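Step one of this worksheet: look at the structure below.
In full-length UniProt numbering, the protein residues as written are 1 to 251.
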């Protein structure tokens with residue numbers, strides 16, 4: 001397997017299209033645009049969780065300065081055999097640092113779905129060498145990758161500056177293509193009422209304010225756009241981490 005983003009070669013069990021493979025390291029870095037990995041050397045630990053227990057050490061001589069800079073040390077996990085940028089815990093997990101339990105992930109209550117979220121662990125670490133131990137249920141071993149990352153929070157203005165812009169010919173061609181795929185009235189038979197519309201509304205459906213910077217997902221098949229600031233703010237406020245950065249209309 002060769003990563004589409006970093007071009008690195010990997011020998012991993014992967015059941016999806018190998019041409020679209022993104023390695024665990026790149027997926028960890030792309031996982032949360034609101035908390036980005038600090039470069040260089042922001043990946044403090046990257047490992048495949050092949051057994052029910054993983055022991056390692058971290059040397060953090062600059063931890064005090066990181067705290068002053070409002071940087072966080074985060075624990076993130078994901079399923080290896082997946083294309084999604086979802087953070088996913090095993091069924092249960094415990095993290096020990098220097099002999100003290102600093103994180104516990106319990107199984108979801110019966111009939112409930114657990115909201116898995118990356119966890120900051122800076123408060124449980126010390127300056128210098130830290131001995132860490134991660135213990136999870138045996139069933140999860142071999143399915144997950146683990147990363148400990150140095151991250152920093154990104155404000156919405158900075159995030160907005162990274163959003164790519166379409167030039168006018170490209171945007172025009174995209175709209176014409178979407179219009180061409182809209183079903184014609186009566187095309188599906190007399191008993192079906194077509195509810196689609198080829199009218200592009202100028203109001204953001206999230207705030208009902210006039211759109212200033214229109215945005216739409218690359219894979220969206222609808223004309224409706226969202227206001228950039230409103231879309232980013234709604235995702236920042238969303239508690240369900242793995243539901244962020246999805247189109248409210250398509251999903």
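Just so it is clear, CB atoms sit at the ideal spot from N, CA and C, and this is done for glycine as well.
Nothing here was measured: the structure is a model prediction, and the numbers come from that model.
Looking at 173, 175, 156, the one whose alpha-carbon comes closest to that of residue 236 is 156. Measuring C-alpha to C-alpha distances from residue 43 to each of 222, 145, 115, 218 identifies 145 as the nearest. For residue 247, the CB contacts under 7 Å within the same chain, skipping 5 residues up- and downstream, are 217, 220 in chain order. For residue 177, the uninterrupted alpha helix (DSSP H) run begins and ends at 168-181, by DSSP. Annotation: residue 67 is outside any beta strand (DSSP E); the continuous alpha helix (DSSP H) that includes it extends over 63-68. Sorting 222, 204, 210, 212 by C-alpha distance to the C-alpha of residue 234 places 204 at the top.
Here DSSP, grouped into helix, strand and coil, assigns residue 77 to strand. By the Cβ criterion, the stretch 79-94 is not in contact with the stretch 158-166, since fewer than three pairs of Cβ atoms, one from each stretch, lie closer than 8 Å. Contact annotation: residue 132 and residue 57 have beta-carbon atoms nearer than 8 Å.
Distances from the alpha-carbon of residue 134 to those of 223, 75, 83 put 75 closest. Judged by DSSP secondary structure, residue 146 falls within the beta strand (DSSP E) whose first and last residues are 144-153.
Rounded to the nearest angstrom, the Cβ distance from residue 151 to residue 116 is 17 Å, too far for a contact under 8 Å. Looking only at 98, 112, 114, the smallest Cα-Cα distance to residue 124 is reached by 98. Taking 8 Å as the cut-off, the Cβ atoms of residue 9 and residue 2 count as close. With respect to the 8 Å criterion, residue 120 and residue 59 are not classified as neighbours on the basis of their beta carbons.
Beta bridge pairing from DSSP links residue 100 with 97.
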